[in-house]
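This report refers to the structure that appears directly beneath it.
2 protein chains.
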Amino acid sequence: MRSVGRHLVLELWGCRNLNSPDAVEQALREVVAACDVTLLDLRVYPFEPIGVTGVAVLAESHVNIHTWPELGYAAIDIFTCGARKDPTAALPVLREFFAPERIESMEMTRGIVLRRGTPVEEPVAAGAD
Amino acid sequence: MRSVGRHLVLELWGCRNLNSPDAVEQALREVVAACDVTLLDLRVYPFEPIGVTGVAVLAESHVNIHTWPELGYAAIDIFTCGARKDPTAALPVLREFFAPERIESMEMTRGIVLRRGTPVEEPVAAGAD
C-alpha cells in the first residue's frame, strides 16, 4: 500500500512535567533524534496560567505537544512521512519525560494512494521527505 | 462528555495550488479567521523540488497543512480546544483555496475526561484556551 506517511496520535494521562517549557522542548528534541527525522524549526509556547505548546516542524511533517497540567494530560501528534520512518520510536522518550500513568494511542496511515491493478505497492517517498 | 477539544483530520485529493507557499499561508490565515481562533505564530516552508508545509500555532492548539503536489494531495489537521470552537468551519476555506475533487475526513475528540458518577458533563475549557 502506497502512502505518504504515518501519523501517531497519543493521549497521555497522569503525567508529570507538563508545565515545563524546558521539558517540552527537550522532549521534542529527543523525539526528533529517536525518530531519525530532520528538524526544520522548533518552538515552545508557555501559556498563562498553565499549559505548554511545543511544535517541531520536520522535513518529514511534524511533532506537536499540547499540555493541560491541570488534567495531567498531554495531546501529542507525531506525523512522519517517508517509508522508513517510525513514529512509535518516540514512545520511550515521552515515557521518560512525562512519566504517564496511561497512554492511549492510534496510528493513522496518511495519504493512501489507491491505484487499480496494483494490489501490493511500496510506500511512496513523500515530496517533503 | 468533558474533553479538551476537537481534532479534524482531513485528506484532500485532486487539489490545485499545492505548490504555492502563498496559497498555503493565506489558507491558514483564513482558516484561523473562519474558526475564530487566536493565532500565535504562522510559518510556511517550501520544499525542493516540490511540496509545502504550513504551520499555524494557536492559543487553541494548531492547524497544519502538508502538501504533495505530485499526488494532488494535502494532509491537513485542525485541532481546536475549547467548547465553542468548530474546526469544520475551515472546510469552505480549504475548498476555495485548493479545489479538492475529494475530501476524506475524520474527527477525533481529544482529551476525554472520564469521571465516575457524572454521566453527562460539559466540555471543559482547556488550559491553553
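Order-wise, the sequence lines are chains A and B. The opening position of the first sequence corresponds to residue 14 in the numbering used here, with each subsequent residue numbered one higher. The opening position of the second sequence corresponds to residue 14 in the numbering used here, with each subsequent residue numbered one higher. We put the CB at the ideal spot given by N, CA and C, even for glycine.
Check whether the Cβ of residue 33 of chain B lies closer than 7 Å to any heavy atom of the ligand FAD, and answer yes or no. Within the structure as shown, the ligand FAD is missing, as the structure has no ligands at all.
Is it a yes or a no for the region 101 to 114 of chain A touching the region 86 to 105 of chain B, going by three-plus beta-carbon pairs under 8 Å? The answer is no - the region 86 to 105 of chain B does not touch the region 101 to 114 of chain A, with fewer than three Cβ pairs under 8 Å.
Listing by chain order, which chain A residues have their CB less than 7 Å from the CB of residue 53 of chain B? 58
Alpha carbon of residue 134 of chain A to alpha carbon of residue 81 of chain B, nearest angstrom: For residue 134 of chain A, the predicted structure reports a pLDDT of 43, less than 50, and the residue's modelled location is therefore unreliable. The matter cannot be settled from this model.
Is the Cβ-Cβ distance between residue 31 of chain A and residue 89 of chain A less than 8 Å? no
Could you compute how far the alpha carbon of residue 50 of chain A sits from the alpha carbon of residue 47 of chain B? 33 Å
In three-state terms, what does DSSP make of residue 130 of chain A? With a pLDDT of only 48 at residue 130 of chain A, under 50, the local geometry of the prediction cannot be trusted, and the value read off the model is given with reservation. Three-state result, residue 130 of chain A: coil.
Using a Cβ-Cβ cutoff of less than 6 Å, which residues in the same chain neighbour residue 70 of chain B once the five nearest sequence positions on both sides are dropped? Result list for residue 70 of chain B: 53, 54, in chain order.
Find out if the Cβ-Cβ distance for the pair residue 34 of chain B, residue 68 of chain B is shorter than 8 Å. Going by C-beta atoms, residue 34 of chain B is not nearer than 8 Å to residue 68 of chain B.
For chain A, check one thing: does any of its Cβ atoms lie closer than 8 Å to the Cβ of residue 50 of chain B? Output row for residue 50 of chain B: interface = no.
Which residues in chain B have a C-beta closer than 9 Å to the C-beta of residue 66 of chain A? List them in chain order. 53, 70, 71, 72, 74, 75, 141
Look up residue 103 of chain A in the DSSP assignment and say whether it is helix, strand or coil. helix
Taking just the CA atoms, how far does residue 41 of chain B sit from residue 119 of chain B? 19 Å
Decide if residue 124 of chain A is buried, meaning its Cβ has at least 16 other Cβ atoms within 10 Å, or exposed. Note on residue 124 of chain A: 16 or more other CB atoms within 10 angstroms of its CB, so buried under the neighbour-count rule.
CB residue 92 of chain B to CB residue 75 of chain B, shorter than 8 Å? yes
Check each residue of the region 87 to 112 of chain B: if its Cβ is closer than 8 Å to any Cβ of chain A, include it; give the result in chain order. 88, 90, 92, 94
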